[in-house]
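Colleague: Each residue of the sequence shown is one higher than the one before, counting from -6 in the numbering used here. Before anything else, here's the structure in question.
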Amino acid sequence: MKALFLISIFLLNFNGEKDPVCKTYSCLEKHKNQKGIVEGKLQVYTPNKSGKGAGHMFWDYEIVLNDSIAIPVIEKPRHHLDFKSFLGKRVQMKCTFYYGVVIGGGHPEAQAATGWRIDAENIVEIK
């Protein structure tokens, strides 16, 4: 009962309204750069096998959505979540569904990559 109560509170935003709960890529697209809840399986980041950046570990973790799309995950603020204890488990994360420059962008002449990233504020395991 205690866990159910915590998850219920976790899903409410500051206005008392329900945050969107995204389990698929199409849901993320509808809520670009908004706060919400993402649900999926947490795993170690899988680097690209080909192209620029092939084999490079840009992130440590990613979440695999119900439609098998994997999105990189970081924590905001940094170093406050213990992702390792959630590896291989189904989770929900209160987060921002960030879409924008995810690699580079610090220097005008540097190469940059635009894409999706989950900026996690909190994480809970779900069954």
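Glycine included, C-beta positions come from ideal geometry on N, C-alpha and C. This one's a predicted model, so the numbers in the text were calculated from it and none came from an experiment.
I think Gln36 touches Val14, with their Cβ atoms under 8 Å apart; what is that distance to the nearest whole Å?
Modeller: Residue numbering aside, residue 36 sits at position 43 when the sequence shown is read from its first letter. Residue numbering aside, residue 14 sits at position 21 when the sequence shown is read from its first letter. The Cβ separation is near 20 Å, so there is no contact.
Colleague: Going by DSSP, what residue range makes up the beta strand (DSSP E) through Tyr54?
Modeller: The sequence position of residue 54 within the sequence shown is 61, counting from 1. Looking at the DSSP string, the run of the beta strand (DSSP E) that includes Tyr54 is 54 to 57.
Colleague: Would you list the one or two residues that DSSP bridges to Lys23?
Modeller: Counting from 1 along the sequence shown, the entry for residue 23 is found at position 30. In DSSP, Lys23 forms no bridge with anything.
Colleague: Leaving aside the five residues before and after Lys16 along the sequence, list all residues of the same chain whose C-beta is less than 7 Å from its C-beta, in chain order.
Modeller: Along the sequence shown, read from residue 1 onward, the residue named residue 16 stands at position 23. Result list for Lys16: Glu32, Gly33, Leu58, Asn59, in chain order.
Colleague: Got a sec, what are the start and stop residues for the beta strand (DSSP E) Gln36 sits in?
Modeller: Taking the sequence shown and counting its residues from 1, the one referred to as residue 36 is at position 43. Note, Gln36: beta strand (DSSP E), 28 to 37.
Colleague: DSSP three-state label for Lys120, please.
Modeller: As a first step, residue 120 must be located in the sequence shown, where it is residue number 127. The answer is coil: DSSP assigns Lys120 none of H, G, I, E or B.
Colleague: Are the CB atoms of Val95 and Ala106 within a distance shorter than 8 Å?
Modeller: Sequence index remark: in the sequence shown, residue 106 carries index 113 (1-based). Sequence index remark: in the sequence shown, residue 95 carries index 102 (1-based). In contact: Ala106 and Val95 (Cβ atoms closer than 8 Å).
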